[in-house]
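**Q** Here it is, the structure, as structure tokens.
Number of protein chains: 2
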Amino acid sequence: MTYHHGNLRSALLDRAATVIAEEGIEALSLRALARDLGVSHAAPGRHFKDRADLLAALAAEGHRRMTAALNAAVAAAGDDPVARYNALGREVVAFSMRHPAYFQVTQHPEVERHSDPSLMAARQAFGDTVRAAAAAAQAAGWRPDEDLEALQLFSTAAALGAASVLMRQSKFAGRPTVELLAIAGRVIDLVIPPSLEALRQES
Amino acid sequence: MTYHHGNLRSALLDRAATVIAEEGIEALSLRALARDLGVSHAAPGRHFKDRADLLAALAAEGHRRMTAALNAAVAAAGDDPVARYNALGREVVAFSMRHPAYFQVTQHPEVERHSDPSLMAARQAFGDTVRAAAAAAQAAGWRPDEDLEALQLFSTAAALGAASVLMRQSKFAGRPTVELLAIAGRVIDLVIPPSLEALRQES
DNA sequence: TCGCGATGTTGTCAGTGACAACATGAAGAT
DNA sequence: ATCTTCATGTTGTCACTGACAACATCGCGA
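See below:
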């Protein structure tokens, strides 16, 4: 019988994402992951310093995937900076529905306390993407007199907050994703209109 | 030596709030609470069915305290429904800073999955307070054409999301509370202006 | 004074995380 | 082909945890 799994680190991360999506972060157990993957209880310790280290790695990957998705959504939205930031906000919620485990782990307070370089770098890149899009929208005419830090806090809080509430409030459970995305879209439109043209018509 | 603590349930909840504020929810341990309070490891089991039950009780208390604080803030804001809802939003963030443990436990996904009747009632009362204030603000002229469910999601996501981000993002750590409340105030003003008069001047 | 329920206690079991020491596999150097 | 080294498995152990059982004490009401 072979001792070498060959790809255990990736398998642990993938399996962890499945468990988190199904049962939540607190249900994650290194020993259970090892059992699921057919290795001994100490094998995960060869790839991750401890349970927090695995969660940090998963959160780093989550941030990277989310940043990539946001950049893709922004690029697909054309040249209008207001439409681009609106698309970014909608993609935050869409991403959380496509990847509940990655989203949850990026937002979990236990993980945020972990000072892992890879995670901090991924978080920084996420912040840079949001900041650049917010600054461009403001420069184009959205809330020009507002402090950018407050604008950023406002828009990320609304998008991340809406994603979290839609994910876990029982009143939204069971509703079709397309309906939840529509509600989220209206929330994002309250944050920033869907286009510069729409912004001009508001004023 | 007396066997009867006399007030163990309350002491457990108080001590749990302290541990959560200092170390986070995942650091909470029933045995450690029992040690801290000088009782045996099984004593907490006489007051709470399990660890999740204690967290649910703490979250129920957190919701009750937050609802009371929101109602007080709304009442203190006078008769203008727009000013009242703005004050409610600011109080969400102020409460989270005064009572970090209660706030965290009300927002924790692990706790939200717990179907405890007292917690669900407290959550319902919180939702009723927010819904009533949002409906009154809308009736007075704030976003009159918008779906109330989307408006509510927008405003609660922004307020709760801002509170969470200010609490745990390292870029805000160490800043004086008065400064964080000022940033939060600007975020809430972006959700809803501070008065009906200010709302009229925007249009 | 007695009985009963509330609320403590000691004890046990299974699971966990973390770590140590040992075992195997793969890759590179000779 | 062989040897060495590092990566990555293994078994084992310890302390802590949650949960539960059985027993012990306390307080209150009859």
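Going down the list, the protein sequences come from chains A and B.
Taking the numbering used here, I'd label the letters of the first sequence as residues 1 to 203.
Taking the numbering used here, I'd label the letters of the second sequence as residues 1001 to 1203.
The beta carbon of each residue, even a glycine, is placed where N, CA and C say it ideally should be.
(1) Count the other C-beta atoms from every protein chain shown that fall within 10 angstroms of the C-beta of A:Q107, then say buried if there are 16 or more, exposed otherwise.
(2) Got a sec, what are the start and stop residues for the alpha helix (DSSP H) A:L88 sits in?
(3) For a minimum of 4 consecutive residues, which ranges assigned as the alpha helix (DSSP H) are wholly contained in the region 1096 to 1136 of chain B?
(4) Is A:R65 close to chain B, meaning its C-beta is less than 9 Å from at least one C-beta of that chain?
(5) Verify the CB distance criterion: does A:D147 have a CB-CB separation below 9 Å to chain B?
(6) Rank A:K49, A:H5, A:A60 by C-alpha distance to the C-alpha of A:R35 and give the top, closest one.
(7) Does the count of Cβ pairs from the region 128 to 147 of chain A and the region 1182 to 1190 of chain B closer than 8 Å reach three?
(8) For B:L1148, count the other beta carbons within 10 Å of its own beta carbon; 16 or more makes it buried, fewer makes it exposed. Which is it?
(9) Could you check if A:N7 is buried or exposed, using at least 16 other CB atoms within 10 Å of its CB as the buried criterion?
(10) Output the distance between the C-alpha atoms of A:A135 and A:V74, rounded to the nearest integer angstrom.
(11) Please check if any C-beta of chain B sits within less than 9 Å of the C-beta of A:Q201.
(12) Could you work out which residues of chain A lie near B:R1113, taking near to mean beta carbons separated by less than 9 Å?
(13) Given a cut-off of 9 Å, decide if B:L1166 and B:V1105 are closer than it, judged by their beta-carbon atoms.
(14) What does the Cβ neighbour count give for B:P1176, buried or exposed, with the cut at 16 atoms within 10 Å?
(15) Please classify B:R1084 as buried or exposed, where buried requires at least 16 other C-beta atoms within 10 Å of its C-beta.
(16) Can you pull the chain A neighbours of B:F1154, defined as C-beta to C-beta under 8 Å?
(17) To be precise: take each residue of the region 1086 to 1113 of chain B, compare its Cβ to all Cβ atoms of chain A, and keep it if any distance is under 9 Å. Which residues remain?
(18) From B:G998 to B:A1182, what does the alpha carbon distance come to, in whole angstroms?
**A** Quick look at the numbers:
(1) Looking at its Cβ environment, which holds 16 or more other Cβ atoms inside 10 Å, A:Q107 is buried.
(2) Note, A:L88: alpha helix (DSSP H), 81 to 98.
(3) You should have 1100 to 1107, 1109 to 1112.
(4) By this cut-off, A:R65 is not an interface position.
(5) It does: the Cβ of A:D147 has a partner Cβ on chain B nearer than 9 Å.
(6) It is A:H5 whose Cα lies nearest to the Cα of A:R35.
(7) The region 128 to 147 of chain A makes contact with the region 1182 to 1190 of chain B: 3 or more CB pairs, one atom from each, lie closer than 8 Å.
(8) An exposed status is given to B:L1148, since fewer than 16 other beta-carbon atoms sit within 10 Å of its beta-carbon.
(9) It counts as exposed.
(10) Taking the straight line from one Cα to the other gives about 13 Å.
(11) Under the 9 Å criterion on CB atoms, A:Q201 is classed as non-interfacial with respect to chain B.
(12) Under the 9 Å cutoff, chain A gives G24, R168.
(13) Not a contact, by the Cβ cut-off of 9 Å.
(14) Burial call: exposed.
(15) B:R1084 is buried by the Cβ-count criterion.
(16) Within chain A, the residues near B:F1154 are A158, A162, R186, V187, L190, V191.
(17) Listed in sequence order: Q1104, Q1107, H1108, P1109, E1110, E1112, R1113.
(18) No answer is possible for residue 998 of chain B: the residues shown for chain B start at 1001 and end at 1203.
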